[in-house]
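Take a look at the structure set out below.
Number of protein chains: 2
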Amino acid sequence: MGQNSNNAQVVISPLAPKDGFGAFPAIDGVTFAAAEAGVKYASRSDVMLVSIAEGSTLAGVFTKSSTRSAPVLDCQEKLAALGAASTSDAPLPKDGFAILVNSGNANAFTGRFGADAVGKTTRAVAAALNIPAAHVFSASTGVIGEPLPAERITAVIQTLKARLSPDKAEQAARAIMTTDTFPKGAVCEVMINGKPVKIAGFAKGSGMIAPDMATMLVFIFTDALIDAGELQATLSRLNETTFNSITVDSDTSTSDSVIIAATGKSGVQIDGPQSATGREFATALGAVMRDLAHQVVRDGEGASKFLAVTVSGATSTQDAKKVAMSIANSPLVKTAVAGEDPNWGRVVMAIGKSGATADRDLITIKFGDILVAENGWVSELYREQDGADYMKQTDLELFVDLGLGEGRATVWTCDFTKRYITINADYRS
Amino acid sequence: MGQNSNNAQVVISPLAPKDGFGAFPAIDGVTFAAAEAGVKYASRSDVMLVSIAEGSTLAGVFTKSSTRSAPVLDCQEKLAALGAASTSDAPLPKDGFAILVNSGNANAFTGRFGADAVGKTTRAVAAALNIPAAHVFSASTGVIGEPLPAERITAVIQTLKARLSPDKAEQAARAIMTTDTFPKGAVCEVMINGKPVKIAGFAKGSGMIAPDMATMLVFIFTDALIDAGELQATLSRLNETTFNSITVDSDTSTSDSVIIAATGKSGVQIDGPQSATGREFATALGAVMRDLAHQVVRDGEGASKFLAVTVSGATSTQDAKKVAMSIANSPLVKTAVAGEDPNWGRVVMAIGKSGATADRDLITIKFGDILVAENGWVSELYREQDGADYMKQTDLELFVDLGLGEGRATVWTCDFTKRYITINADYRS
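Rendered as structure tokens:
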């Protein structure tokens, strides 16, 4: 399916729930810890800390929401400052980095309390690990509009520090879960210049972008040696075809964050995007990101089916994505998928409303390998029973060719079931 | 609620189902008929014909879908030709007009068969009524992608002609229903220059923009005397704050059509939009259109609540509508309404994702008269119980002030219930 999986030898090992996190490799220079802070939930771990060795580079992409949370604003400011520092003549501080994440409270729309809480918790981590507060990143996921009880988190910082270990990734991943039904992890090892480079990440998915916990958080770690600017450019570019190409209910979190840290401990230098090393690294990183993105969709609230929508023949990539997103976000398409109904009329409707350039009579629609519609009408070869049989599968592929140009995009989504309504209508009551 | 209800004495009489269509007035110059053509449904009327006197003017607005149906394309071509003719030196034909509508089949995405069927049916009406085919408009609502059986419709044209009567509006309105649970009508009489002008219309709503019958059809009739260009300009302008300000599930029909005919039989001349007559006519027409639009939302598939979302303080009207639509289309907001949950965090989320200019700390949110959030956080005066009590009502109002400018817009929607999923997931199976 992916555009980025044809250049290098990549072994990708998605970590399904049944596998646990046993396969999550140690990344030289990264340690993890989890603890019970009681932010909101009782009797479960709800805070994680990641410590990252000095000399590492970091990059991040964040929600575009105009009401984004205090931790997101703080991360963006810190990354911008690091970027500015890296291009100045002053020597960079030789210090490590940290990432602190809690579940139970999103610290979003909490007025002046928001930045206060971020300041308190990240400064506490900085003091404990003896690194600058400007090197401590944070994320929060949970209820919106309630002040984050920062003191409950600062109270467990020493515990977290004492627990830091290279093999605690699963505990960390579980501590940040909200409505997730399983922790999401993906790992990849790629040979670059004859030496192995590891890339491993975990995600807190949001199901159908969950209730008040409408958040996707992703943390990826690698031992590659890569300049912060190159790392940011690679992450931003791959983000478009992975995390920005999934949709569950068209809603957007105030807190979505993807952070990557590269420790350089493998000693394998990654050059620019046009170099062989740059391409190989991007292929591997893209595979990890796509796999995590798919897991987020598969764990969608109430989801029973996984749908890949590929649009080709558009006048531009942007138009292709616009059509694919219009189909993937259409409640009528998503309910048809839930009902195993090969309802291509709703696909035509969704193409029409997308705002992209389309000519009704040039559109071709396929469900998997089954040609359904062409030349502005249902195909002569199509039999409704074939479509109905196809829709019974759990993993579905929908192809739309607009017959106009070279624009192409794939978007992944899940179906829209009664359970989604139940989960979201009853959530706070 | 409305921006247009403060200028003139308007008596608006919405026709609720319990009232039947008894209150629908005769409009001088307009007759209606319905018949059973058996397009798809058995044992119910499924075709309506409206005959409109010579000398009338017509205007229309239609779906912007790029995959719009054959009847929509035909109506648009005919209106454009009439518009061109009215500005040429040649005398206009002194002929009447007709509108033919069927349910059961949308005649959309039917390739070359689509235009063929429109041609056959509208020419048959033209021959029967002895008017030019260019004066016969049509609309179709029902399943997409199946050829319209034109001969079943042409077979009942003489029956329809024989039944034409000024008092058959209800029968006509019922013939074009699909998943509607009641026929929708609104009437208004307004005194202009001391003389009464009647405006009356009916609609086929689509509920939560229904399955393959994803269509809203609206037909409005008046005895005002108004130039076709003025009529079109007034209709287009009012459409933005009425039919283009409702949303049920964000999906867009291939067939949405609003057509208005003005017979001039009242003798009351309506001048330009800045004149007293123009303003009074627009106020009355706007009231009819808004009332019909609300009825479409109230009959939304599975809907249990009616929600008015008003956004003020935006940097522009466009931004205000963007925010209002983002809130009204959010599955998380709509499921919260279904669950009677005063979940203002989801409102913040929907503001943030709208793409409009917003400053988190300037946003004010009210549920009805209850101040919920201000200054970037929940209001000190707000008690959750007040919000929960408010949400128990059937008719809800949500106010958002962005605190930035003068832009203002209201959008109407309904909630998102399990019944919507049931209706749409099971529709074709």
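In order, the protein sequences belong to chains A and B.
Numbered per our numbering, the first sequence spans residues 23 to 451.
Numbered per our numbering, the second sequence spans residues 23 to 451.
Think of the CB as a built atom: it goes at the ideal place given N, C-alpha and C, for glycine as much as any other residue.
Nothing here was measured: the structure is a model prediction, and the numbers come from that model.
| query | result |
| --- | --- |
| Residues, ordered as in the chain, of the region 420–440 of chain A that lie near chain B by beta-carbon distance below 9 Å | D437, F438, T439 and K440 |
| Exposed unless 16 or more other CB atoms sit within 10 angstroms - verdict on A194 (chain B) | buried |
| Extent of the continuous alpha helix (DSSP H) to which M371 (chain A) belongs | W366 to K375 |
| Secondary structure of P93 (chain A), DSSP reduced to three states | helix |
| Where P364 (chain A) falls, given that 16 or more other Cβ within 10 Å makes a residue buried | buried |
| S73 (chain A) beta carbon less than 9 Å from that of A55 (chain A) | yes |
| Under 8 Å by beta carbon: chain A residues contacting V370 (chain B) | T89, A130, F131, I166, G167 and T276 |
| Assigned secondary structure, K356 (chain A) (DSSP; H/G/I helix, E/B strand, else coil) | helix |
| Helix, strand or coil at D381 (chain A) according to DSSP, with G and I counted as helix | coil |
| Proximity to N127 (chain B) [Cα-Cα], best of B:A92, B:A107, B:L151 and B:S108 | B:A92 |
| C-beta neighbour in chain A for D383 (chain B), strict 9 Å | yes |
| F183 (chain B), DSSP secondary structure in three states | Position check: residue 183 (chain B) holds Lys in this sequence, whereas Phe was assumed. Helix at K183 (chain B). |
| Reduced DSSP secondary structure (H/G/I, E/B, other) of I349 (chain B) | helix |
| Whole-angstrom C-beta distance between L239 (chain A) and A161 (chain A), which should lie under 8 Å | 5 Å |
| Any chain A beta carbon closer than 9 Å to I443 (chain B) | yes |
| For L182 (chain B) and G77 (chain B), the rounded distance between their alpha carbons | 22 Å |
| Range of the contiguous alpha helix (DSSP H) that encloses D313 (chain B) | A298 to R320 |
| Any C-beta of chain B under 9 Å from that of V319 (chain A) | no |
| Residue-level contact to chain B via CB, I373 (chain A), 9 Å cutoff | yes |
| Residue environment, T203 (chain B), which counts as buried when at least 16 other CB atoms sit within 10 Å | exposed |
| Three-state secondary structure assigned by DSSP to I166 (chain B) | coil |
| Partners in chain B for V400 (chain A), counting only beta-carbon separations shorter than 9 Å | F131, T132, G133, G167 and E168 |
| Test: S376 (chain B) CB closer than 9 Å to a CB of chain A | yes |
| Check whether S108 (chain B) and G251 (chain B) have beta carbons under 9 Å apart | yes |
| Three-pair Cβ contact test at 8 Å for the region 169–181 of chain A versus the region 217–225 of chain A | no |
| Length of the line joining the Cα atoms of L13 (chain A) and A146 (chain A) | No answer is possible for residue 13 (chain A): it lies beyond the span of chain A, which begins at 23 and ends at 451. |
| At least 3 beta-carbon pairs within less than 8 Å: the region 309–321 of chain A vs the region 399–415 of chain A | no |
| Within-9 Å CB hit, K414 (chain A) to chain B | no |
| Members of the region 354–365 of chain B that neighbour chain A once the beta carbon cut-off is set at 8 Å | L354, T357, A358, A360, G361, E362, D363 and N365 |
| Residue-level contact to chain A via CB, G390 (chain B), 9 Å cutoff | no |
| Three-state secondary structure assigned by DSSP to T200 (chain B) | coil |
| Sheet register partners of K220 (chain A) (DSSP bridge) | A:E211 |
| Below-9 Å beta-carbon distance, G126 (chain B) vs any chain C residue | As a matter of chain content, chain C is missing from the structure shown, whose protein chains are A and B. |
| Test: N397 (chain B) CB closer than 9 Å to a CB of chain A | yes |
| Distance between beta carbons of V270 (chain B) and A346 (chain B), contact taken as under 8 Å | Incorrect: roughly 14 Å between the Cβ atoms, too far for contact. |
| Opposing strand residues paired with N124 (chain A) [DSSP bridges] | A:V69 and A:S162 |
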